[in-house]
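Structure, as structure tokens:
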Amino acid sequence: MTTKTSLLKVILLGDGGVGKSSIMNRYVTNKFDAHLFHTIGVEFLNKELEVDGHQVTLQIWDTAGQERFRSLRTPFYRGSDCCLLTFSVDDNQSFLNLGNWKKEFIYYADVKEPETFPFVVLGNKVDVTERQVSSEEAKQWCQENGNYPYYETSAKDATNVAVAFEEAVRRVLALDERTDHLIPTDTVKLHRKPRSAGTCCS
Amino acid sequence: MTEFMQPDSRRCNYFFLYDGSKVKGEGDPTREGICYFYPEETPLDEQELLCGQLAGASRCVSELSSSPVRILRLRRNNFSIRMKDDFFWALGCSVEVPTISVCELLDQLINLFCFYSGSVRRSYQLNTQETLARRWAQYLSHLESASSELHHIFSCLRTIDSTNIDPLLLLKAALILQACQRCPLVSAGCILFRGRVVSTQMSPELTMKVMVHESETYAKMQAQRSNGPSAFSSFGGAVSSTSVFLTMSELQYLQSAPVDKHFSSRSTPHKNTPPRKTRLSRTLSDTPSPESEPSDTGSSQSPQKVSLSPHLSDSSVFSPDPSQSAADPPPQQLEPPFSNGKHSPVAEEEVLEESYYHSFHSNGDGVGPMHDEGDGSLCGEDSHRNGGGGDGDAACGTVFESQGDNVLEEVSGGGCGDVQCHEAEIPDPPRSGAFDSQEECPRIPMTLYLHRVKGLVLALLVEPHFLSDKDSMEEVYHSSLASLNGLEAHLRTISPGAPGTPGPYIFAHFDCIQSTLTTNLSGRPGGAPQRPFVRATSLLHSHFCNTETLQEAIIRSAGAAVYGTRSVAQETYFQQHGGSLRNSGIPNHQDSAFSLPGKARHRLLKHGVNLL
Chain S
0 MTTKTSLLKV ILLGDGGVGK SSIMNRYVTN KFDAHLFHTI GVEFLNKELE
50 VDGHQVTLQI WDTAGQERFR SLRTPFYRGS DCCLLTFSVD DNQSFLNLGN
100 WKKEFIYYAD VKEPETFPFV VLGNKVDVTE RQVSSEEAKQ WCQENGNYPY
150 YETSAKDATN VAVAFEEAVR RVLALDERTD HLIPTDTVKL HRKPRSAGTC
200 CS
Chain Y
0 MTEFMQPDSR RCNYFFLYDG SKVKGEGDPT REGICYFYPE ETPLDEQELL
50 CGQLAGASRC VSELSSSPVR ILRLRRNNFS IRMKDDFFWA LGCSVEVPTI
100 SVCELLDQLI NLFCFYSGSV RRSYQLNTQE TLARRWAQYL SHLESASSEL
150 HHIFSCLRTI DSTNIDPLLL LKAALILQAC QRCPLVSAGC ILFRGRVVST
200 QMSPELTMKV MVHESETYAK MQAQRSNGPS AFSSFGGAVS STSVFLTMSE
250 LQYLQSAPVD KHFSSRSTPH KNTPPRKTRL SRTLSDTPSP ESEPSDTGSS
300 QSPQKVSLSP HLSDSSVFSP DPSQSAADPP PQQLEPPFSN GKHSPVAEEE
350 VLEESYYHSF HSNGDGVGPM HDEGDGSLCG EDSHRNGGGG DGDAACGTVF
400 ESQGDNVLEE VSGGGCGDVQ CHEAEIPDPP RSGAFDSQEE CPRIPMTLYL
450 HRVKGLVLAL LVEPHFLSDK DSMEEVYHSS LASLNGLEAH LRTISPGAPG
500 TPGPYIFAHF DCIQSTLTTN LSGRPGGAPQ RPFVRATSLL HSHFCNTETL
550 QEAIIRSAGA AVYGTRSVAQ ETYFQQHGGS LRNSGIPNHQ DSAFSLPGKA
600 RHRLLKHGVN LL
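Line by line, the protein sequences give chains S and Y. Mapped onto numbering that gives the first Met the number 0, the consecutive letters of the first sequence carry residue numbers 0 to 201. Mapped onto numbering that gives the first Met the number 0, the consecutive letters of the second sequence carry residue numbers 0 to 611.
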């Protein structure tokens, strides 16, 4: 496990303008651009990192938050290993929408066991002085919805960004280890049966 | 790329470049002058025979008529001819290929060579003949590999099938290009997916040239993949570059494009780095309501007209008043009116007419994302100012760029010669003059930067020192990487749509401005019922090109009738299936062919083709 590099797909979801693209850019290229345009559809970047001795290639998918881009983004939820639900601490509505984002993700990603799926909640823009969402409110929501880890981040001054992604990786790895034990009990071999020649339908 | 050539899609039977300076004396063998000959396996004797005959006949005719020869007919082949200094090019296609297409093909070929190699004379001084032969062969095969015969007829850009693609993705592509232009060393770019244009800021001609290199690197990448383990592309693997040479007019066009409109009055045509402030998006950032912009812009893009539509509505562009158009010269093709007036005593009327004609093409060349209604006139004025000092340069600019239909001098006893007769009466000094002076007029070296993400390619024309400017490189690379990844993921998941549902009609719609084709005809070979349509389209297209006043025509056989209509901006061809043609052989108002225009108008609306 330690020698192999595994590819983990994490996806950033949340209202438009909460800073999903900025968080991704801060984490991968360590840059911040205050004038990013709306993301259209989806975008992604890869980042290699080591967490607790595991070599991981993190594939971070950034999505469009606006409602009108919904049909473009939802097909890419599938196969996600972790979902980062993002809101902005200076925008109460984006916080209230977290539940909708969670629902949308579970539906389109076709998550089989929503109770155990690793979500991480990010409250971005903590550098802004006028907050509309307090830490307590946010923590309480996380507590009530499945005990999700909560991080207050700022893509602008890089607060907690790396920490949040590393936590996401830890959550996924922890889940993998748990399921690893289960695998031997009931698995279906997907290896193709050797076919006799001549049955090719093409 | 899964497209295969049609069995009969090879248009070019002969192509050669002959250097007359190598064969001066009586005893010099002709073969000394042959720089490249296609097909390469042709026996040398035959090569000499053809080169000798064509070069001799051309020289003779051009000296007698004191105008350049453009077309010769020999042995059931139409040969398009170009002469330049001591160089002599000929490209021969079978007589079924429209003359106009033969001329265009040769111009494209020479243009491609000059784009990647610069001056022909210098290239042959610096490189071996074998090296350059490979290039000619490569360009020739690239031009031959268009996806369908219709693409050949119109020499059009291969664009992504936009009928089943979300227009927002086209907007996304346009925004990626604009974001790259935040770097002042980046002039313009285009985005290609699997060898097709998704979005471009360059003229169709320039885009076409850029695509050759793209397909070359694609082939290389495929070869590497099958050879070795270099599947994971690092920065170096995904990015490549090559030097290219732009004509003055191409450069002027790039620099006078609407993106620069706020600065172009301050800048000279030869500026290297115009003063630009960094902006988020040259199209969208100035709008008062960015919130509503993307969807608005997205919906205003009709699928096949990538963000050009607002521009089209500019009244000054389409004004039927020639003087107005002439007073408002287009950005990159200032040459025809200018040099026309300068070099030749052509009747005033003709000058105006021609500039009018060109203004459509050139204004439309701005395929880049221009949403500003006022852009057309604005940039026209600016470029007028810019280009004012540059009309000397201008003479060399359009050499191969202008549409090949203006000058057709047919030296043949064939039937279709008559069609071109009236064209031949119009001398075209700007073009021929430009042709002659082209060599002295330097092409401007620039760099073509390619960033590939699987099937998706971002191609940018950049200043040559961009490659040594590490910060700029990284800025452009990192600012576009995530979006390119995303766009690639989006485009890859789009299903190619239900293929080949042959409706009760066939149509082909050619947008002359963007040089794009929309059709419900599949590019696959073997469609027997398509043959008459393709042939008729080819014929009608020829007629439209040769007869500028012709607007509508119906061409028919016993079993089929094809309707063609054109305006300055488009050509549309339509054939209705089924229903027996009532054709008594004499004009008859009940003839079902006469209902074709109405049917075409009605049917094609749903394809976004408005013939009203």
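Ideal Cβ placement from N, Cα and C applies to all residues, glycine included. Note that the coordinates shown come from a computational prediction; the quantities given were computed from them, not determined experimentally.
To be precise: take each residue of the region 163-178 of chain S, compare its Cβ to all Cβ atoms of chain Y, and keep it if any distance is under 8 Å. Which residues remain?
Against chain Y - using a Cβ distance shorter than 8 Å - the region 163-178 of chain S contributes no residues.
Measuring alpha carbon to alpha carbon, tell me which residue in Leu-105/Y, Lys-171/Y, Val-96/Y, Ala-237/Y is nearest Leu-88/Y.
A small correction: the amino acid at residue 88/Y is Trp; Leu does not occupy that position in the sequence shown. The candidate whose alpha carbon is nearest that of Trp-88/Y is Leu-105/Y.
Quick one: grab the DSSP three-state call for Asp-51/S.
In the structure shown, Asp-51/S sits in coil (DSSP, three-state: anything other than H, G, I, E or B).
Can you tell which of Ala-56/Y, Ala-560/Y, Asp-165/Y, Lys-83/Y has its C-alpha closest to the C-alpha of Pro-531/Y?
Ala-560/Y
Could you work out which residues of chain Y lie near Phe-75/S, taking near to mean beta carbons separated by less than 7 Å?
Ala-488
Thinking Glu-462/Y and Phe-509/Y are a contact (beta carbons under 8 Å), I'd like their distance in whole angstroms, please.
Actually they are not in contact, since the Cβ atoms of Glu-462/Y and Phe-509/Y sit about 34 Å apart, beyond 8 Å.
Residues near Val-17/S in its chain [Cβ-Cβ closer than 6 Å; skip 5 each side]
Thr-85, Phe-86, Ser-87, Ser-93, Asn-123
Bridge partners for Pro-444/Y per DSSP, in chain order?
Phe-244/Y
Assigned exposure category for Pro-117/S - 16 Cβ within 10 Å defines buried:
Buried: at least 16 other Cβ atoms inside 10 Å.
With 9 Å set as the bound, which would you pick, yes or no: does the beta-carbon of Leu-131/Y sit closer than that to a beta-carbon of chain S?
False, the Cβ-Cβ gap to chain S never drops below 9 Å.
In chain order, which alpha helix (DSSP H) runs of at least 4 residues are fully inside the region 154-231 of chain Y?
166-179, 203-226
What residues of chain Y sit near Glu-42/S, judged by a beta carbon separation below 7 Å?
Here the neighbours are Ala-481, Ser-482, Asn-484, Gly-485.
Note down the Cα distance separating Phe-36/Y from Gly-51/Y, rounded to an integer number of angstroms.
13 Å
In chain Y, which residues lie less than 8 Å from Thr-28/S when you measure between Cβ atoms?
His-477
Taking only three categories from DSSP, how would you classify Ser-354/Y?
Confidence is the limiting factor: at Ser-354/Y the pLDDT is only 36, short of 50, which leaves the residue's position unreliable, though a coordinate-based value still follows. Helix.
Does any residue of chain Y bring its CB to less than 9 Å from the CB of Asn-24/S?
Yes, Asn-24/S lies at the interface with chain Y (some Cβ there is under 9 Å from its Cβ).
Would Ala-187/Y pass as an interface residue toward chain S - the criterion being a Cβ-Cβ separation below 9 Å?
no
Proximal residues of chain S, C-beta to C-beta of Lys-171/Y below 7 Å
Residues of chain S with a Cβ closer than 7 Å to the Cβ of Lys-171/Y are, in chain order, Ile-39, Gly-40.
Determine the DSSP secondary structure at Phe-116/S, reduced to helix, strand or coil.
coil
Find out if the Cβ-Cβ distance for the pair Thr-38/S, Lys-46/S is shorter than 9 Å.
no
Quick check for students: name the residue ranges of the beta strand (DSSP E) that lie wholly in the region 67-104 of chain S, counting only runs of 3 or more.
Qualifying beta strand (DSSP E) stretches, in chain order: 81-87.
Do you know offhand how far Leu-63/Y's Cα is from Ala-56/Y's?
11 Å
Specify whether the region 21-37 of chain S and the region 156-166 of chain S touch according to this definition: at least 3 beta carbon pairs, one from each stretch, less than 8 Å apart.
Flag = yes, the region 21-37 of chain S and the region 156-166 of chain S touch.
Identify whether Glu-25/Y lies in helix, strand or coil by the three-state DSSP scheme.
coil
Length of the line joining the Cα atoms of Asp-18/Y and Phe-465/Y:
36 Å
Could you tell me the alpha carbon to alpha carbon distance between Phe-573/Y and Gly-502/Y, rounded to whole angstroms?
12 Å
What first and last residue would you give for the beta strand (DSSP E) that runs through Asp-18/Y?
11-18
Give me the Cα-Cα distance between Ser-154/Y and Ser-537/Y, rounded to the nearest whole angstrom.
Taking the straight line from one Cα to the other gives about 11 Å.
Span separating the alpha-carbon of Thr-4/S from that of Pro-148/S
25 Å
Can you list, in chain order, the stretches of the beta strand (DSSP E) that have 3 or more residues and sit fully within the region 472-512 of chain Y?
Qualifying beta strand (DSSP E) stretches, in chain order: 504-510.
Check whether the region 124-137 of chain Y touches the region 37-50 of chain Y, taking contact to mean three or more Cβ pairs, one atom from each stretch, closer than 8 Å.
Segments in contact, yes.
Out of Gly-188/Y, Val-567/Y, Gln-529/Y, point me to the one whose CA is closest to Thr-546/Y's CA.
Val-567/Y
Neighbour list for Asp-165/Y in chain S, Cβ cutoff strictly below 7 Å
By Cβ distance, chain S contributes Leu-71.
Residue-level contact to chain Y via CB, Ser-87/S, 9 Å cutoff:
no
Roughly how many angstroms separate the alpha carbons of Val-456/Y and Arg-74/Y, rounded to a whole number?
43 Å
Among Gln-254/Y, Glu-551/Y, Ile-175/Y, which residue has its Cα nearest to the Cα of Glu-487/Y?
Ile-175/Y
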